[in-house]
Amino acid sequence: MSLSFVLGGARSGKSAYALRLAEGLADGGRLVMVATAQALDDEMAARIARHRAERGEAWATVEAPLALEDAVRSLRPRDVAVVDCLTLWLSNLMAAEADIADRTEALIAALEASPADHVILISNEVGQGIVPDNALARRFRDEAGWMHQAVAGACDRVVFVQAGLAQVVKG
Amino acid sequence: MSLSFVLGGARSGKSAYALRLAEGLADGGRLVMVATAQALDDEMAARIARHRAERGEAWATVEAPLALEDAVRSLRPRDVAVVDCLTLWLSNLMAAEADIADRTEALIAALEASPADHVILISNEVGQGIVPDNALARRFRDEAGWMHQAVAGACDRVVFVQAGLAQVVKG
Amino acid sequence: MSLSFVLGGARSGKSAYALRLAEGLADGGRLVMVATAQALDDEMAARIARHRAERGEAWATVEAPLALEDAVRSLRPRDVAVVDCLTLWLSNLMAAEADIADRTEALIAALEASPADHVILISNEVGQGIVPDNALARRFRDEAGWMHQAVAGACDRVVFVQAGLAQVVKG
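Now the structure itself:
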C-alpha cells in the first residue's frame with residue numbers, strides 16, 4: 001500500500017499527471033476515480049460527465065463529496081485509486097459545517113488502513129496569492145494549508161505540478 | 172534553435188533573469204525584446220519607456236500586443252529574443268475575444284519555425300492563490316494554466332523563478 | 343554569522359520549520375523570536391499569546407512591528423533568532439508610509455552586522471495568484487516581491503516550504 005499526493009495550482013496539469021501515474025501503477029487491479037465534485041448545477045454536471053468520458057472505460061468512478069473516508073475504506077485489494085480532489089472535499093465539508101481537523105485525521109486513518117494498492121490524492125495549492133478580502137476565503141485557505149501539511153506528512157511521495165511538469169518534493 | 176520558458180510570480184525577478192540569460196546566450200546576433208505590453212494609459216507608457224531605457228542600447232524592441240506569432244516569425248538568424256510576457260498577451264487576446272487555444276497552438280508553431288537562435292518566453296504564475304470571485308479572472312487563470320502547460324511542453328528548458336532565484340524544472 | 347530565509351504560502355508550515363531549524367542550530371545561546379505582529383485587536387492578541395505559549399520557555403520574545411533593524415542589531419553573540427515575519431513587517435511599514443526600499447536596505451545592513459550566530463527570516467509568498475482588484479493589494483504584492491528578492495540575495499540559504507515540506511532553493 002502506497003500513498004501519493006499531487007499538489008498544484010489551477011490548470012497546472014495535476015489531474016492528467018495523476019491519471020497517467022495511476023495507469024502506470026495499475027497491475028491488473030481496478031482503476032478507481034474517487035470524485036469529490038458535486039453536480040450542484042448543469043455546468044458542473046456537464047463537466048463531471050465530460051471528465052468521466054475522457055477517462056474512458058478503464059476507470060470505475062465512485063462519488064464521495066463528503067464521505068471520502070468510507071470511499072477509501074471500500075476500495076479493494078489491487079485497486080489503484082485517484083482522489084480528485086481534496087480542495088473540493090474541503091469545500092463540501094465547510095459547507096456542511098464539519099470539523100476539518102477531525103475529518104482530515106479520519107481520512108488519513110482510512111487511507112492508511114485501505115486495502116487498495118495505491119491511492120493518489122490530488123489537491124489545489126491556494127495559499128500563494130494575496131490574503132483574500134473575505135473571511136470565508138481566508139478560512140478556506142488556512143484549512144487547505146493545514147490539510148495539505150497533514151496529508152503530505154502521511155504520504156510516501158509528494159509531487160508538485162506546475163505548467164504540466166512534476167517535481168518530486170518528498171519520496 | 173532553442174526555446175526557454177521562464178515562469179514566476181509577480182516581482183519574482185523573472186524578467187531580470189530572462190534578460191541576463193539572453194545576454195549570456197547572445198553570440199554576435201541581435202538581442203530582441205518582443206514586448207506584449209500596450210501603452211493604454213500614461214502610467215503604462217511611462218513604464219514601457221523606463222523598461223526600454225533600463226535594457227539599454229544593446230536591445231532592439233518589437234511591440235507585439237496581439238500579433239506575437241508574426242513577431243516571432245520575423246526574427247532573424249542568430250537573434251536571441253525575449254518575449255515579455257505571455258500573461259499580457261493572453262490578457263490582450265481575451266480583450267480581443269480571440270480563441271486562446273488556437274492562438275497558443277499558432278504561437279508554438281511559429282516558435283518552432285522561427286529562424287532565431289534562442290527564444291525565451293516569460294510568463295506569470297497566477298494559479299496558486301484562492302479561486303477568484305469574478306468569472307473573468309477565473310477564466311484568465313484557467314487559460315493561463317492551459318497556455319503554460321502547452322508552452323512548457325514545447326520548450327527545451329523551463330525555469331521557475333522565486334525571490335530572484337531560478338530553479339530548473341525541465342531541461 | 344549566517345542568514346537563512348524561509349519562504350512559503352499561507353499555512354505551509356514555514357514557521358514550524360523555522361522554529362525547528364533554530365532549535366537545531368542553537369548551541370548554548372539564546373533562542374529569540376523577533377515578532378513583527380501587532381496586537382491591534384483581541385483576536386490578534388490571543389493569537390500572539392497562543393504562539394508564545396506554544397514556543398515554550400526556551401524562547402525569548404522581542405516585539406518589533408516597525409523597528410526591525412534595531413531588534414536585529416540588539417541581538418547578542420551566540421543568539422539564534424527567528425524573524426516572524428517579513429510580510430507583517432511590510433504591512434506595518436506600508437501603514438506607517440515608510441519607504442520600503444530604504445527600510446529593506448537598512449534591514450539587510452543590520453542583519454549583516456548583527457552579532458547573532460544565526461538569523462532566520464520568515465515570509466509569505468503572495469505573488470502567485472491572480473492580480474488583485476485593489477491598488478493597495480497590488481502595491482503590497484509588488485513590494486513583497488522586491489523585498490523577497492533583496493533578502494534572498496543577502497541570505498546564505500533560502501528554503502521554500504509547501505505542505506510542510508522544505509525545498510532548498512539556495513545554499
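So the sequences go chain by chain: G, L and R.
Heads up, the first sequence is in the working numbering, so the first residue is 1 and it goes up one at a time.
Heads up, the second sequence is in the working numbering, so the first residue is 172 and it goes up one at a time.
Heads up, the third sequence is in the working numbering, so the first residue is 343 and it goes up one at a time.
In this text, a Cβ means the ideal position worked out from N, Cα and C, and glycines have one as well.
Keep in mind it's a predicted model, so treat the numbers as computed, not measured.
Alpha-carbon spacing of residue i relative to residue j, whole angstroms
| i | j | result |
| --- | --- | --- |
| A423(R) | I219(L) | 42 Å |
| D273(L) | L19(G) | 25 Å |
| T275(L) | I122(G) | 27 Å |
| V290(L) | A325(L) | 12 Å |
| L178(L) | L257(L) | 10 Å |
| R202(L) | S15(G) | The sequence given here places Leu at residue 202(L); Arg does not occur at that position. The straight-line gap from Cα to Cα measures roughly 39 Å. |
| A46(G) | A64(G) | 18 Å |
| Q509(R) | Q167(G) | 11 Å |
| R55(G) | L478(R) | 44 Å |
| A113(G) | M1(G) | 9 Å |
| L259(L) | R182(L) | 15 Å |
| G471(R) | N134(G) | 15 Å |
| Y359(R) | L192(L) | 33 Å |
| V233(L) | A438(R) | 41 Å |
Best match in the options for proximity to residue i [C-alpha to C-alpha]
| i | options | result |
| --- | --- | --- |
| M94(G) | V6(G), F140(G), L25(G), A35(G) | F140(G) |
| A402(R) | F502(R), M375(R), G366(R) | M375(R) |
| L111(G) | E54(G), S74(G), I100(G), G129(G) | S74(G) |
| E228(L) | L237(L), L174(L), E194(L) | E194(L) |
| M408(R) | A440(R), Q509(R), R397(R) | The sequence as given places Leu at residue 408(R); Met does not occur at that position. Comparing Cα positions, the closest option is A440(R). |
Residue i, buried or exposed, once every other Cβ within 10 Å from all chains shown has been counted against 16
| i | result |
| --- | --- |
| E349(L) | In the structure as shown, chain L starts at 172 and stops at 342, and residue 349(L) therefore has no counterpart that could be examined. |
| P419(R) | exposed |
| R394(R) | exposed |
| R392(R) | exposed |
| G506(R) | buried |
| L211(L) | exposed |
| D288(L) | buried |
| G370(R) | exposed |
Close-in-space but distant-in-sequence residues of the same chain around residue i (CB under 7 Å, 5 per side omitted)
| i | result |
| --- | --- |
| A323(L) | F176, V329, K341 |
| R138(G) | V131, P132 |
| G298(L) | R312, A315, G316 |
| P457(R) | L417, R418, P419 |
Assumed close pair residue i, residue j - CB separation to whole angstroms, cut-off 8 Å
| i | j | result |
| --- | --- | --- |
| E125(G) | G351(R) | 7 Å |
| V332(L) | L278(L) | Actually they do not touch by this definition, with Cβ atoms about 21 Å apart. |
| Q491(R) | N434(R) | Not really, about 20 Å apart at Cβ, beyond 8 Å. |
| A35(G) | D84(G) | 6 Å |
| L3(G) | D156(G) | 5 Å |
Spatial neighbours of residue i in its chain, beta-carbon cut-off 8 Å, leaving aside the 5 residues before and after
| i | result |
| --- | --- |
| L261(L) | I271, F311, E314, A315, M318 |
Nonlocal neighbours in the same chain, by C-beta distance under 6 Å from residue i, ignoring five residues either side
| i | result |
| --- | --- |
| E411(R) | A448, L449, A452 |
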